[in-house]
Every structure is written in C-alpha cells, then in structure tokens.
Amino acid sequence: MSALAFARIPEPELMEDLEQARAYSEANFAAPHDRCVELFRASWPGGPISGRLLDLGCGPADITVRLALACPEVTIDGVDGSAAMLHFGQRRVDAAGLSHRVHLCQAFLPDEPPPGTDYDIIVSSSLLHHLHQPQVLWRYLARYARLGARVFVFDLMRPASPEQARALVQTYAADEPEILQRDFYNSLCAAFTKAEVEAQLTQVGLFGLTVEEVSDRHLTVRGVIQGRPIAGA
Ligand SMILES: C[S@@+](CC[C@H](N)C(=O)[O-])C[C@H]1O[C@@H](n2cnc3c(N)ncnc32)[C@H](O)[C@@H]1O
C-alpha cells in the first residue's frame with residue numbers, strides 16, 4: 080500500500096477550536112479506543128503494568144482514562160497543547176474519579192516539557208499525524224523516557240488514495256457530525272504510511288521500536304527505548 084500512497088496533506092497541529100474539541104470529545108470512539116488499550120496491554124503480557132506513564136497529545140483524555148482504568152497501578156501525566164481539549168479532558172478525569180492518579184497539563188511539543196522526566200511508559204494516540212515534523216514526537220519521547228521505557232504509539236495510517244480515505248469516512252463516521260467527518264478525512268490524508276514511520280525511526284535511531292498495521296486505518300509503534308536518538312537527526 081505504501082508504494083502507491085498519495086502525498087501527505089498536513090493539517091493544523093493543535094485542535095484549539097472549542098466546537099472542534101467538543102465534537103471530538105463527545106464522539107463515540109469506544110471501539111477504536113478500547114482496541115488501543117487492548118493492544119497496549121497485550122504488548123506486555125504476564126502481569127500488571129505499573130509505573131509513571133506519559134500520554135502525549137492526550138486531547139480530551141478518553142484514552143487516558145481508559146488506560147488508567149485498565150491499569151490501576153499506573154499514574155499518568157497527560158499533555159496537550161490545546162486548552163480547549165484539556166478543558167474536556169479534565170471534566171472526563173474528574174467524572175471518572177481519577178484526579179489522584181491522572182494529571183493533565185498544557186504543553187506544546189517540542190518546546191514545552193512535560194511535568195516529569197524519566198517516564199517508565201510513553202503512550203501517544205493520534206498525535207503523530209498532526210505533527211508537521213514527525214521527528215518532533217520521536218525525539219520528545221526519547222528525551223523524556225527512561226532507558227528501557229515502554230513505548231506505545233497508536234495512529235492513523237494514510238490510505239492509498241483520497242477515494243479510499245472517503246470510503247473509510249463512510250464506513251466508520253457516516254453517522255457522525257459533519258465537523259468530525261471533515262476532521263477524520265483530513266487526518267487520514269495527513270497520516271503517515273507504515274514505511275514512512277519506519278524511515279522516521281531509523282533516521283532518529285530508535286531501533287527498539289516496531290511498526291505494525293493493526294487495522295484498515297491504524298498502525299502501532301511498540302517496543303522499548305534502547306538508547307538516545309542520533310543527535311541532529
Ligand atoms: C486527534 S487528537 C488525539 C487525542 C487523543 N490522544 C485521542 O487519541 O483521542 C490530537 C491531539 O494532539 C494535540 N496536538 C497536536 N499537535 C500538538 C503539539 N505540537 N503539541 C501538543 N499537542 C499537540 C491536539 O491539540 C489534539 O488534542
């Protein structure tokens with residue numbers, strides 16, 4: 080698929096508009112978000128997952144909360160550059176009674192740091208395709224993870240053509256509001272192919288991570304941080 084893919088069309092990085100953030104927060108992402116958490120847990124079988132987890136581009140914290148509920152032994156810092164998204168995220172964290180274990184904070188990558196350093200686990204869902212420079216995610220993640228940290232990135236994959244992108248919108252979002260259908264189409268066009276993500280990891284020197292297609296529209300990047308990225312890459 081990657082050899083035939085059409086050229087990426089970047090979309091705005093931050094989702095700062097209040098109505099856009101509200102529509103995203105209120106959308107029913109139960110199926111893909113539960114799948115994301117299931118894949119995360121299946122990546123490290125054999126016991127409970129514990130430690131300090133950083134969720135990059137947490138948005139309205141739907142996955143953040145699902146992760147916290149599925150992994151009672153983790154504490155989570157969720158960061159996002161959008162105040163509008165964090166407004167809905169904090170409401171979700173409070174409603175779930177998780178404010179003692181889940182902390183949200185505004186930070187714009189790459190310039191603003193997360194609250195901590197040396198995280199045990201770094202997760203990111205659907206941030207990569209928003210970034211104009213994908214290396215921003217890989218370098219930030221490597222900077223704030225401890226050596227040996229677990230990494231789990233879940234993101235959209237760019238289809239082979241705009242027609243296929245439109246077909247995916249029809250299949251998965253036909254009943255959603257117009258604004259969500261538009262954002263989903265734009266996000267599919269902005270996403271990276273598996274081969275592109277593999278090239279990004281090689282360029283930065285993150286050799287412990289593996290890219291896998293896990294559905295007709297999602298890929299994961301999973302593994303362990305084995306070293307610091309190549310300077311200047
Ligand atoms: C599609 S949402 C994903 C939200 C959530 N992780 C999920 O999967 O539902 C992408 C989020 O990344 C945030 N974002 C995009 N670029 C960013 C950057 N450079 N720094 C911080 N946040 C960013 C956006 O504001 C938005 O909330």
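Sequence positions in the sequence shown follow this note's numbering and run 80 to 312. Backbone N, C-alpha and C fix where the C-beta goes; we use that ideal spot for every residue, glycine too. Here the structure is a predicted model, which is why all the values come from computation and not from measurement.
When the beta-carbon positions are compared, ARG229 and ILE258 stay at least 9 Å from each other. With at least 16 other beta carbons inside 10 angstroms of its own, ASP141 counts as buried. In the displayed model, LEU135 falls within a strand according to three-state DSSP. The secondary-structure analysis by DSSP pairs MET236 across a beta bridge with PHE271. With three or more CB-CB distances shorter than 8 Å, the region 207-219 counts as touching the region 184-194. The alpha carbon of ARG225 has as its nearest neighbour, out of GLN305, LEU206, ASP159 and GLY157, the alpha carbon of GLN305. The closest heavy atom of ligand 1 lies less than 8 Å from the beta carbon of PRO139. Of all alpha-carbon atoms in CYS268, GLU152, ASN265 and VAL202, the one lying nearest the alpha-carbon of GLY126 is that of GLU152. Going by DSSP, THR299 is part of the beta strand (DSSP E) stretching over 297-303. Within the model, the alpha-carbon separation for LEU132 versus ALA149 is close to 13 Å.
The Cβ atoms of LEU235 and SER205 sit closer than 9 Å to each other. For PHE271, the CB stays at least 8 Å from every heavy atom of ligand 1. The beta-carbon separation of ALA163 and ALA110, rounded to 24 Å, does not stay under the 8 Å limit for a contact. Boundaries of the beta strand (DSSP E) harbouring CYS184: 181-185, taken from the DSSP string. In this structure, the beta-carbon distance from ARG87 to ALA269 falls below 9 Å.
Runs of the alpha helix (DSSP H) spanning 4 or more residues and lying entirely within the region 136-200 occur at 141-149 and 162-174, in chain order.
The DSSP-derived three-state label of GLU95 is coil. Excluding the 5 residues flanking it on each side, GLY160 has same chain C-beta neighbours closer than 6 Å at LEU93 and PHE187, in chain order.
Excluding its 5 nearest sequence neighbours in each direction, PRO194 has C-beta neighbours in its own chain below 6 Å: ASP156 and CYS184, listed in chain order. For GLU291, the secondary structure class from DSSP, reduced to helix, strand or coil, is strand. Checking the 8 Å criterion, the Cβ of VAL158 is within range of a heavy atom belonging to ligand 1. Of the other Cβ atoms in all chains shown, 16 or more fall within 10 Å of the Cβ of HIS297; this residue is therefore buried. Distance from the CA atom of ALA174 to the CA atom of ASN265, rounded to whole angstroms, is 31 Å.
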